[in-house]
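Novice:
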Amino acid sequence: MDYNFSEIEKKWQRWWEENDTYKVVEDKEKKKFYVLNMFPYPSGAGLHVGHPLGYIASDIYARYKRLRGYNVLNPMGYDAYGLPAEQYAIQTGQHPAKTTDDNIRRYKQQLDNIGFSFDWSRELRTCDPEYYKWTQWAFRKMFNSFYCNKCGKAQPIEKLIARFSEKGTEGLDAACSEEMSFTAGEWNAMSEKERQQVLMNYRIAYMGETMVNWCAGLGTVLANDEVVDGVSVRGGYPVVQKKMRQWCLRVSAYAQRLLDGLDTIDWTESLKETQRNWIGRSEGTEMEFRIAPSGSPSGGGLSPDSANQNSPTGGAEGAFTIFTTRADTIFGVTFMVLAPESELVARLTTDEQRDAVAEYIEYVKKRTERERISDRKVTGVFSGSYAINPFTGENIPIWISEYVLAGYGTGAIMAVPAHDSRDYAFAKHFGLEIRPLIEGCDVSEESFDAKEGIVCNSPAAGCSTLDGFSLNGLTVKEAIAKTKEFVTSHHLGRVKVNFRLRDAIFSRQRYWGEPFPVYYKDGMPYMIPEDCLPLLLPEVDQYKPTESGEPPLGHARMWAWDTVGNCVTDKSRIDNITVFPLDLNTMPGFAGSSAYYLRYMDPHDNDALVSREADEYWQCVDLYVGGTEHATGHLIYSRFWNKFLHDYGYSCCEEPFRKLVNQGMIQGRSNFVYRANALSTEDKPVFVSLGLKDGYGDVTPIHVDVNIVHGDVLDIDAFKAWRPEYANAEFKLEDGKYVCGWAIEKMSKSMYNVVNPDMIVEKYGADTLRLYEMFLGPVEQSKPWDTNGIDGCHRFLKKLWALYYNRDGQFLPDSTDATPEQLKSLHRLIKKVTQDIEHFSYNTSISAFMICVGELQQLKCRNRDLLSQLVVLIAPFAPHIAEELWHALGNEGTVCDAGWPAYDEKYLVESTVQMGIAFNGKRRFEMQFAADADNAAIERAVMADERTARYMEGKQAVKVIIVPKRMVNVVIK
Numbered sequence: 001m002d003y004n005f006s007e008i009e010k011k012w013q014r015w016w017e018e019n020d021t022y023k024v025v026e027d028k029e030k031k032k033f034y035v036l037n038m039f040p041y042p043s044g045a046g047l048h049v050g051h052p053l054g055y056i057a058s059d060i061y062a063r064y065k066r067l068r069g070y071n072v073l074n075p076m077g078y079d080a081y082g083l084p085a086e087q088y089a090i091q092t093g094q095h096p097a098k099t100t101d102d103n104i105r106r107y108k109q110q111l112d113n114i115g116f117s118f119d120w121s122r123e124l125r126t127c128d129p130e131y132y133k134w135t136q137w138a139f140r141k142m143f144n145s146f147y148c149n150k151c152g153k154a155q156p157i158e159k160l161i162a163r164f165s166e167k168g169t170e171g172l173d174a175a176c177s178e179e180m181s182f183t184a185g186e187w188n189a190m191s192e193k194e195r196q197q198v199l200m201n202y203r204i205a206y207m208g209e210t211m212v213n214w215c216a217g218l219g220t221v222l223a224n225d226e227v228v229d230g231v232s233v234r235g236g237y238p239v240v241q242k243k244m245r246q247w248c249l250r251v252s253a254y255a256q257r258l259l260d261g262l263d264t265i266d267w268t269e270s271l272k273e274t275q276r277n278w279i280g281r282s283e284g285t286e287m288e289f290r291i292a293p294s295g296s297p298s299g300g301g302l303s304p305d306s307a308n309q310n311s312p313t314g315g316a317e318g319a320f321t322i323f324t325t326r327a328d329t330i331f332g333v334t335f336m337v338l339a340p341e342s343e344l345v346a347r348l349t350t351d352e353q354r355d356a357v358a359e360y361i362e363y364v365k366k367r368t369e370r371e372r373i374s375d376r377k378v379t380g381v382f383s384g385s386y387a388i389n390p391f392t393g394e395n396i397p398i399w400i401s402e403y404v405l406a407g408y409g410t411g412a413i414m415a416v417p418a419h420d421s422r423d424y425a426f427a428k429h430f431g432l433e434i435r436p437l438i439e440g441c442d443v444s445e446e447s448f449d450a451k452e453g454i455v456c457n458s459p460a461a462g463c464s465t466l467d468g469f470s471l472n473g474l475t476v477k478e479a480i481a482k483t484k485e486f487v488t489s490h491h492l493g494r495v496k497v498n499f500r501l502r503d504a505i506f507s508r509q510r511y512w513g514e515p516f517p518v519y520y521k522d523g524m525p526y527m528i529p530e531d532c533l534p535l536l537l538p539e540v541d542q543y544k545p546t547e548s549g550e551p552p553l554g555h556a557r558m559w560a561w562d563t564v565g566n567c568v569t570d571k572s573r574i575d576n577i578t579v580f581p582l583d584l585n586t587m588p589g590f591a592g593s594s595a596y597y598l599r600y601m602d603p604h605d606n607d608a609l610v611s612r613e614a615d616e617y618w619q620c621v622d623l624y625v626g627g628t629e630h631a632t633g634h635l636i637y638s639r640f641w642n643k644f645l646h647d648y649g650y651s652c653c654e655e656p657f658r659k660l661v662n663q664g665m666i667q668g669r670s671n672f673v674y675r676a677n678a679l680s681t682e683d684k685p686v687f688v689s690l691g692l693k694d695g696y697g698d699v700t701p702i703h704v705d706v707n708i709v710h711g712d713v714l715d716i717d718a719f720k721a722w723r724p725e726y727a728n729a730e731f732k733l734e735d736g737k738y739v740c741g742w743a744i745e746k747m748s749k750s751m752y753n754v755v756n757p758d759m760i761v762e763k764y765g766a767d768t769l770r771l772y773e774m775f776l777g778p779v780e781q782s783k784p785w786d787t788n789g790i791d792g793c794h795r796f797l798k799k800l801w802a803l804y805y806n807r808d809g810q811f812l813p814d815s816t817d818a819t820p821e822q823l824k825s826l827h828r829l830i831k832k833v834t835q836d837i838e839h840f841s842y843n844t845s846i847s848a849f850m851i852c853v854g855e856l857q858q859l860k861c862r863n864r865d866l867l868s869q870l871v872v873l874i875a876p877f878a879p880h881i882a883e884e885l886w887h888a889l890g891n892e893g894t895v896c897d898a899g900w901p902a903y904d905e906k907y908l909v910e911s912t913v914q915m916g917i918a919f920n921g922k923r924r925f926e927m928q929f930a931a932d933a934d935n936a937a938i939e940r941a942v943m944a945d946e947r948t949a950r951y952m953e954g955k956q957a958v959k960v961i962i963v964p965k966r967m968v969n970v971v972i973k
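First residue of the sequence shown: 1, per UniProt numbering; consecutive thereafter.
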């Protein structure tokens, strides 16, 4: 009987659905295991074969853990909000909900066709009001919280209000946007609006002025990964840097905890290092530089004590603050640099430099922060002003450059070109002084690492100005410590820990997103009551911004909040007494994906994001699988979100993802046809086959749809149907075939190398697709897709089938005893596959399956028990054929609960060993010996072998050297 994969797979997919095979409930009698894939966005293009790679890898592990007796949670849902659906709505007028629903339906069908063990009863969609109710709830909770640095956690804002009423800011240590100082009396005398403005400085969800990527063409703020080369990825519209008042999340307050948490989780070191660099902890000093009198490039010095004694970190008239990790290098400062967005730019730009600065600012507006960080080209402009070095009294020119970012430190730096590569490049480009700290040092780009030893060149002027202050002879560590001490004792600054991590911008000027549960009273935001959630996304007649530039929600008629009726009402009723305007922004995509893993634990609870019982049972994700593109954004935000919820007891684990595996990318195998330019005309192009192209002069390669190429041979009729403009084309063939060229490229629609998994499933079956994607290489590595190689996996499944059925349909397994060789083959496989799955080495597992099935065929294995264990082993990889054979073997219930086989070492003990026989060190032949044979027996057997006499040629054996279980060397003379 032939292996009819199509019939088998449809049969068992129906059976699994009808029997709720993958539905899971909390069971305290079983150990839990939570497997999760990163939230997919359901695009209109559907899945290509690269998308299921991670899903297959996690599904194998989920099925394996279930067979090991675990209660496995393996859910799936959709990150359903997104810019593509909104842009499609603008173009066509179709509601994004309809587009999204259609895309989800297609995605789900494709996923089901591949046979995943998802519990669809827990399906989530971020656009479902019953889901985004909890995103709004969390945002509301963050708005009503502040971060207490002393206790290291979020606290209710009411505690801060009570403290202000009693003590003002005295002794307060809380995360904030800017330092504030007021007494209890001053707080109590404030108006309601003034108090709200003060509280906004401390809230975890707050409104603040921030630089954003503004895309006028799309009418919205974009994330860094949505911008390339100054234009939007979606639509190619210009993007500029713009300061806007936006909702933000105070992620920076959790920076140290985000850093410390990395030591508690099982992630790769490279991924942890990426997060550490993104968080960017640095210990240093904030120092104050006063501004020199205008028109004086060389001023007359300043004693430290003339600095503002009452404001050690800035705020003095005519001064600004910088942050440095190397305060000891202050004697090497030769210029200052401001971020182009700094408020100091306008104040410090002189009239002579105003036009040049304005032109430069316009240039920088078109550059994203990511481009500014990664691009090493040198740009900048002189402000015309000077700052005074507080140690030496020198006047130092103040420049403006994009390599300094407003969001890191204070947005201003002291440049020490002899000790920093970017400062060095800037100084070289603009001809600025480079002053080495180490006497006689020849500074170059290659020499920075060589100057971390002894500081030994403090200028004499500096020493005399600072009453003999000197760093001569100190190590770098000692010099930094001494400088810090001096800075704080002379009120020139303060010691501070700084983080590169920025607060998250949390507003988007889009329609298709979670609405903010916010109304505005006297210009200040207030939250709608918790029991009124969710605030539903309203209907609008247009999905683009209003004519006055408001976000799309400005088109909504029913978009005002009635504080008496606690309900949404018509905007015409706004009186700013009891009816107020609602927020017109929506939340970004990461809002819905930051805590979805918690909702999966208890998706139908109407009273809580997750019940305490479900949270305590599932706790956290045991295995998280997803792409490296989320190494910073999503993983930082979700960890922050979880830590915030943990502070209030809504999540029992501080870290959400215990183990993380990044799957690699499946690259496309592109195909090309070659247009012979000399022979082609506009009406009749000529295409030459790969092997002939070198004989036709200049040829142009043209991408061709890989789905009309089979084994690199072009289906010419299909090509002409695909590209009607080539209907009259002439084809120069090789042996009657047109052979295409090929290359490995990113799988992309533009390169026509996207392979639809539906086509693979239809032609070869889902089990073949699953095996082949894992067989391509290690899960974590990127690898090329090559449809030409899929036949091998399909043939393997046919061989597996042939162990159970012959061509006449006879079922072969019976009660025949298993031989030692058969048992050895099986138990070797059990051991190998068990170890490989634990280490995600699925490709070597599949190789082991192929070897074992080949051995069992040669050994004519018919033992029912042995073949039953083989079915269980293959079940995580190829569940459909496994389920079919499991039931054919007479079992009831699903193979998913069969129990993982255990290997027995006694079957793996070798009864014989094969050893090489050498003469004077030269290997000549092999011999088999009993595994327990002693050296004397081995020597006798070797000397008695007729081949030994031939190689000795009548000479005498001087010595016989035996390397146990490997080699026998006969030394002869």
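Glycine included, each C-beta is placed from N, C-alpha and C at the ideal position.
Only a predicted model underlies this, so the values are computations on that prediction, with no experimental measurement involved.
With burial defined as no fewer than 16 other Cβ atoms inside 10 Å of the residue's Cβ, what is the status of A460: buried or exposed?
Specialist: The count along the sequence shown starts at 1 and reaches residue 460 at position 460. Any answer about A460 is weak, because its pLDDT of 40 lies below 50 and its placement is not dependable; what the coordinates show is given next. Result: exposed.
Novice: Indicate whether residue 974 and F289 have their beta-carbon atoms separated by less than 8 Å.
Specialist: Given that the chain is displayed from residue 1 to residue 973, the structure contains no residue 974 and the question cannot be resolved.
Novice: When the Cα of N891 is compared with those of D562, N753, V872, which residue comes out closest?
Specialist: Along the sequence shown, one-based indexing puts residue 891 at 891. The residue with the shortest Cα to Cα distance from N891 is V872.
Novice: Please name the residue or residues paired with K783 in a DSSP beta bridge.
Specialist: If you number the sequence shown from 1, residue 783 lands on position 783. Note: K783 sits in a beta bridge opposite I666.
Novice: Of all the options K659, F929, F687, which has the alpha carbon lying nearest to the alpha carbon of T264?
Specialist: Taking the first residue of the sequence shown as 1, we reach residue 264 at position 264. Nearest option by C-alpha distance: K659.
Novice: For the beta strand (DSSP E) containing P397, list its first residue and its last residue.
Specialist: In the sequence shown, counting from the first residue as 1, residue 397 sits at position 397. Per DSSP, P397 belongs to the beta strand (DSSP E) from 395-400.
Novice: What are the start and end residues of the alpha helix (DSSP H) that includes M850?
Specialist: For the purposes of this step, residue 850 is identified with residue 850 of the sequence shown, where counting begins at 1. Start and end: 842-858.
Novice: Quick check on the burial criterion: 16 or more other C-beta atoms within 10 angstroms. Buried or exposed for M1?
Specialist: Indexing the sequence shown from 1 puts residue 1 at position 1. Exposed, because fewer than 16 other Cβ atoms sit within 10 Å of the Cβ of M1.
Novice: Give me the residue from A941, M927, M943, A937 with the minimum Cα distance to R966.
Specialist: What you label residue 966 is simply residue 966 of the sequence shown in a count that begins at 1. Out of A941, M927, M943, A937, M927 has the C-alpha closest to the C-alpha of R966.
Novice: Taking the C-alpha atoms as reference points, what is the distance between R372 and H634?
Specialist: For this step, residue 372 is matched to residue 372 along the sequence shown. For this step, residue 634 is matched to residue 634 along the sequence shown. Roughly 21 Å between the two C-alpha positions.
Novice: Output the residue ranges of the alpha helix (DSSP H) runs that lie fully inside the region 152-188 and measure 4 residues or longer, sorted by chain position.
Specialist: Here the runs fully enclosed are 157-167, 184-188.
Novice: Could you pull out every unbroken alpha helix (DSSP H) segment of at least 4 residues lying fully inside the region 918-944, listed in chain order?
Specialist: Correct list: 935-944.
Novice: Using 8 Å for Cβ pairs, my map puts H555 next to D541. What's the rounded Cβ distance?
Specialist: As a position in the sequence shown, residue 555 is number 555, starting the count at 1. As a position in the sequence shown, residue 541 is number 541, starting the count at 1. That belief holds up - the Cβ atoms of H555 and D541 are roughly 6 Å apart, short of 8 Å.
Novice: The beta strand (DSSP E) spanning F516 covers which residue range?
Specialist: In the sequence shown, the residue the question calls residue 516 occupies position 516. Careful: F516 lies outside any beta strand (DSSP E) and carries neither H nor E.
Novice: Ordered along the chain, which non-local residues of its own chain (more than five positions away) have a Cβ less than 7 Å from that of Y597?
Specialist: Reading the sequence shown from its first residue, position 597 is the one you call residue 597. The answer, listed in chain order, is L36, V621, P656.
Novice: Less than 8 Å between the beta carbons of P901 and R864, yes or no?
Specialist: As a working note, residue 901 is residue 901 in the sequence shown. As a working note, residue 864 is residue 864 in the sequence shown. The answer is no: Cβ separation not under 8 Å.
Novice: So what's C653 in DSSP terms, helix, strand or just coil?
Specialist: In the sequence shown, counting from the first residue as 1, residue 653 sits at position 653. Correct three-state label for C653: coil.
Novice: With distances taken Cα to Cα, identify the nearest neighbour of T329 among Y360, P436, D897, Y386.
Specialist: As a position in the sequence shown, residue 329 is number 329, starting the count at 1. Comparing Cα-Cα distances from T329 to each of Y360, P436, D897, Y386, the minimum goes to P436.
Novice: With a Cβ-Cβ cutoff of 8 Å, do G54 and G626 count as a contact?
Specialist: The residue you call residue 54 lines up with position 54 of the sequence shown. The residue you call residue 626 lines up with position 626 of the sequence shown. Result yes, Cβ atoms of G54 and G626 sit closer than 8 Å.
Novice: Answer with buried or exposed for G789, where buried requires no fewer than 16 other C-beta atoms within 10 angstroms of its C-beta.
Specialist: In the sequence shown, counting from the first residue as 1, residue 789 sits at position 789. It counts as exposed.
Novice: Going by C-alpha distance, which of A174, K167, D420 is nearest Q155?
Specialist: Residue 155 sits at position 155 when you count from the first residue of the sequence shown. Of the listed residues, the one whose Cα sits closest to Q155 is A174.
Novice: Check whether the Cβ of G54 lies closer than 7 Å to any heavy atom of the ligand SAM, and answer yes or no.
Specialist: With respect to the ligand SAM, the structure shown offers nothing to examine, as it has no ligands at all.
Novice: Since S670 and V706 are thought to touch, with beta carbons under 8 Å apart, how far apart are those beta carbons, to the nearest angstrom?
Specialist: Position 670 of the sequence shown, counting from 1, holds the residue named residue 670. Position 706 of the sequence shown, counting from 1, holds the residue named residue 706. With a Cβ gap of about 7 Å, S670 and V706 count as contacting.
Novice: Taking only three categories from DSSP, how would you classify A316?
Specialist: Here residue 316 is taken as the residue at index 316 of the sequence shown, counted from 1. Confidence at A316 is low in this model, with a pLDDT of 35, below 50, so the placement of that residue is unreliable and no value is reported for it.
Novice: Indicate the three-state DSSP secondary structure (helix, strand or coil) for G384 in the structure shown.
Specialist: Sequence index remark: in the sequence shown, residue 384 carries index 384 (1-based). G384 falls in the strand class under three-state DSSP.
Novice: Do the region 742-754 and the region 664-682 make contact, defined as three or more Cβ pairs closer than 8 Å?
Specialist: Cβ pair count under 8 Å is three or more, so yes.
Novice: Going by DSSP in three states, C861 sits in which element: helix, strand or coil?
Specialist: If you number the sequence shown from 1, residue 861 lands on position 861. Three-state result, C861: coil.
Novice: For E953, does the three-state DSSP call read helix, strand or coil?
Specialist: Mapped onto the sequence shown, residue 953 falls at position 953. Three-state DSSP puts E953 in coil, outside helix and strand.
Novice: Going by alpha carbons, who is nearest to E343 out of L405, G332, E283, I396?
Specialist: The residue labelled residue 343 in the question sits at position 343 within the sequence shown. Nearest option by C-alpha distance: L405.
Novice: Could you work out which residue in Y202, K684, I90 is closest to R234 when comparing CA atoms only?
Specialist: Residue numbering aside, residue 234 sits at position 234 when the sequence shown is read from its first letter. Looking at the Cα atoms, I90 is the closest of the given residues.
Novice: Give the single residue among I388, K32, L501, Q509 whose Cα lies nearest to the Cα of G318.
Specialist: Walking along the sequence shown from the start, residue 318 turns up at place 318. The option with the nearest alpha carbon to G318 is I388.
Novice: Considering P879, what are the terminal residues of the alpha helix (DSSP H) in which it resides?
Specialist: The sequence position of residue 879 within the sequence shown is 879, counting from 1. Note, P879: alpha helix (DSSP H), 879-888.
Novice: Starting from the Cα of P238, find the closest Cα among R245, G219, Q256, A255 and give me that residue.
Specialist: The sequence position of residue 238 within the sequence shown is 238, counting from 1. Ranking the options by Cα distance to P238, first place goes to G219.
Novice: Provide the residue span of the alpha helix (DSSP H) that contains residue 974, from first to last.
Specialist: A query on residue 974 cannot be resolved here, the shown segment of the chain reaching from 1 to 973 and no further.
Novice: Could you tell me the boundaries of the alpha helix (DSSP H) in which L259 lies?
Specialist: Locating residue 259 in the sequence shown gives position 259, counting from the first residue. Per DSSP, L259 belongs to the alpha helix (DSSP H) from 255-261.
Novice: In the DSSP assignment, find the unbroken alpha helix (DSSP H) run with R658 in it and report its ends.
Specialist: The residue labelled residue 658 in the question sits at position 658 within the sequence shown. Here R658 belongs to no alpha helix (DSSP H), and DSSP marks it neither H nor E.
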